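First the structure, in the form of C-alpha cells, and then the observations on it.
Number of protein chains: 2
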Amino acid sequence: MNPTDNYPSKALRDAVEAISSLPGVGGRSALRLALHLLKQPADKIHSFAAAVDNLAEGVHYCKTCMMIADGDRCDICADSRRDHDTICVVESVRDVMSIENTGQYHGVYHVLGGIISPIGGVGPSDLTIRELKERVKASTEVILALSGDVEGETTAFYIYRQIESTGCRVTTLARGLGFGDELEYADALTLGRSIAGRQPFKP
Amino acid sequence: MNPTDNYPSKALRDAVEAISSLPGVGGRSALRLALHLLKQPADKIHSFAAAVDNLAEGVHYCKTCMMIADGDRCDICADSRRDHDTICVVESVRDVMSIENTGQYHGVYHVLGGIISPIGGVGPSDLTIRELKERVKASTEVILALSGDVEGETTAFYIYRQIESTGCRVTTLARGLGFGDELEYADALTLGRSIAGRQPFKP
C-alpha cells in the first residue's frame, strides 16, 4: 500500500506519515506500527508519545566528551575510578555504548559527532576536533577507534596530524580476523592485514 | 547491544524502551531510531510525538461498519454512491484499505476486529458478528473476504451459519493462482483449488 493513499482518518494518516519519516521504515511498516499503537490503551499511547517527546529536552550532552548525558557531565567523565589520561576517540554515541558493552575499556571518550566525509559535506570543522586538541594536551594516550573504511581512516589520519606535536601516544584499534571468523570467508584486505600484523602465539 | 544495558541518559532509555515495544522492532533498531530522532530539531521531535499521541483520542470508529473514521461515520458508509446492500466482511482496518486500494469494490464493509482463534483466545463474541447479523437483514449480498488459512475459513463458516437463515446471498473471494504467479512455484493446495475451480476461457 502506498503511504500517499487515502487514509480513513486524518489522525491515522498523520501518525503514519510521522512514523514513515524514520529511517528504514516504509509506508506499509508505518501503517502496521500505527495500527498496533492504535490497539493499545490510551495511556500506553500517551506514555509512548511522552517518551519520544522528552528526547527533545530531556537529553543533554557532556561538555567534556560530547557524550549523551542527563546533565552537563556524563557518568563516564564523572567517574573518578576511570583513567582520565586515556581518551578513546569515536564517531558517535553508539560507538561509546558498543565499547562500554565490552567491559574492556576503562579510560574516557571523545565523541566526534561524525566522520570527515567530503561527499557527505562533513569537514573537520563540523566535528569536535578542536575540543579534542585541547583535551589531548593533558593526556597520555589517544585511541583512534574509528571505522575501518576510507572515511574512518581519513579522519584518523587528519586527527593524528593535528595532535602528533603534543607528543601524546596515539594508538588505533587492532584490525584482523574477528573471533569465530572462518578464514576462507574473510575478505582479502582483512586477511592480508591479519597476516602482516601477526602476533606472538600465546598458548 | 542489549536493550537492558546501561544507557547514558534516562530520556534516551525511556524512548528506546517505548520504541522497542513496537512489534518487529528490536533493541538495536529502537536505539538507532531514537538516536535518529535525537538528531532532529526539537520541533520535529515534538510534532512526531504529537502525531502519535493524537492516535489515542483523534481516531474514532464508524458505528456502522467499525472502520476507523474521523467521527461516528466513516467516509465509505457516508457515501451515497456506494452500494449499501453489499457488505464485504473483513478481519481488520488494513483489509479495508487493501480492498479500497484495488478500486474494484463499490459496496460497504464490516470490520470484524479479529478472527476466531481458539489458540489466541478469540471467540465469536469478541468480534462484531452480532452487529453484522443485524446489518445483514437489510442486505442482498455478504462477501466473506477473510484469509485463506484455517482460522479465516473457520470464521467464514461460523458467520455463514449465523446468517444463512436470512436468505442473503453469501459469497467469498475467488481463490487460485495469483496474477503473474508461476505454476511450478505454486503450492499444491492453491494449484489444486485453481484446477477444481477452473473458469471458462475468455479470449
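Chains as they are written, first to last, in this note's numbering: chain A, 1035 to 1237; chain B, 1035 to 1237. C-beta atoms are modelled at their ideal positions from N, C-alpha and C, and glycine is treated no differently. This one's a predicted model, so the numbers in the text were calculated from it and none came from an experiment.
Please state whether DSSP places residue i in a helix, a strand or coil.
i                  : result
Ala-1256 (chain B) : Given a span of 1035 to 1237 for chain B in the structure shown, any question on residue 1256 (chain B) remains unanswerable.
Gly-1141 (chain A) : strand
Ala-1084 (chain A) : helix
Arg-1062 (chain A) : helix
Glu-1175 (chain A) : strand
Ala-1076 (chain A) : helix
Thr-1098 (chain A) : coil
Ala-1103 (chain B) : strand
Which chain B residues sit within Cβ distance under 9 Å of residue i?
i                  : result
Leu-1072 (chain A) : Leu-1089, Ala-1090, Val-1093, Ile-1102 and Val-1127
So residue i packs on residue j, CB below 8 Å; how close in whole Å?
i                  : j                  : result
Cys-1111 (chain A) : Cys-1099 (chain A) : 6 Å
Asn-1088 (chain A) : Asp-1048 (chain B) : 7 Å
Ser-1043 (chain B) : Asp-1104 (chain A) : 5 Å
How big is the Cα-Cα spacing for residue i and residue j?
i                  : j                  : result
Pro-1037 (chain A) : Thr-1162 (chain A) : Residue confidence for Pro-1037 (chain A) is low, a pLDDT of 41 falling below 50, so the modelled location carries little weight and cannot support an answer.
Gly-1212 (chain A) : Gly-1231 (chain A) : 14 Å
Val-1204 (chain B) : Lys-1097 (chain B) : 23 Å
Gly-1214 (chain B) : Asp-1221 (chain B) : 14 Å
Val-1127 (chain A) : Ile-1153 (chain B) : 43 Å
Thr-1200 (chain B) : Val-1170 (chain B) : 7 Å
Leu-1067 (chain B) : Ile-1053 (chain A) : 10 Å
Glu-1175 (chain A) : Thr-1120 (chain A) : 5 Å
Ser-1228 (chain B) : Leu-1217 (chain B) : 11 Å
Ile-1079 (chain B) : Glu-1091 (chain A) : 10 Å
His-1070 (chain A) : Met-1101 (chain A) : 33 Å
Phe-1191 (chain A) : Ile-1133 (chain B) : 57 Å
Ile-1150 (chain A) : Ala-1084 (chain A) : 35 Å
Would you mind reading off the limits of the beta strand (DSSP E) that contains residue i?
i                  : result
Thr-1120 (chain B) : 1117-1124
Given that residue i touches chain B, what residues does it touch there, using C-beta distances under 8 Å?
i                  : result
Ala-1052 (chain A) : Ser-1081, Phe-1082, Ala-1085 and Val-1086
Ala-1076 (chain A) : Ala-1090 and Glu-1091
Cys-1099 (chain A) : What Cys-1099 (chain A) touches in chain B: nothing, since even the nearest Cβ is about 10 Å away.
Cys-1122 (chain A) : Result: empty, since nearest Cβ-Cβ is about 14 Å, beyond 8 Å.
Ser-1114 (chain A) : Ordered by position in chain B, no residue passes the 8 Å Cβ test against Ser-1114 (chain A), which lies about 18 Å from the chain.
Could you spell out where the alpha helix (DSSP H) holding residue i opens and where it closes?
i                  : result
Thr-1188 (chain A) : 1184-1197
Arg-1209 (chain B) : Arg-1209 (chain B) -> no alpha helix (DSSP H), and no H or E assigned at all.
Asn-1135 (chain B) : 1127-1136
Ile-1153 (chain B) : Unbroken run through Ile-1153 (chain B): none, as it is neither H nor E.
Glu-1165 (chain B) : 1163-1170
Leu-1225 (chain A) : 1222-1230
Glu-1091 (chain A) : 1089-1092
At 8 Å on the CB atoms, spell out the chain A contacts of residue i, in chain order.
i                  : result
Leu-1207 (chain B) : Within 8 Å Cβ-Cβ: nothing; Leu-1207 (chain B) doesn't reach chain A, min ~18 Å.
Ser-1064 (chain B) : Before going on, a small fix: residue 1064 (chain B) reads as Ala here, not Ser. Chain A residues near Ala-1064 (chain B): none, gap ~11 Å exceeds 8 Å.
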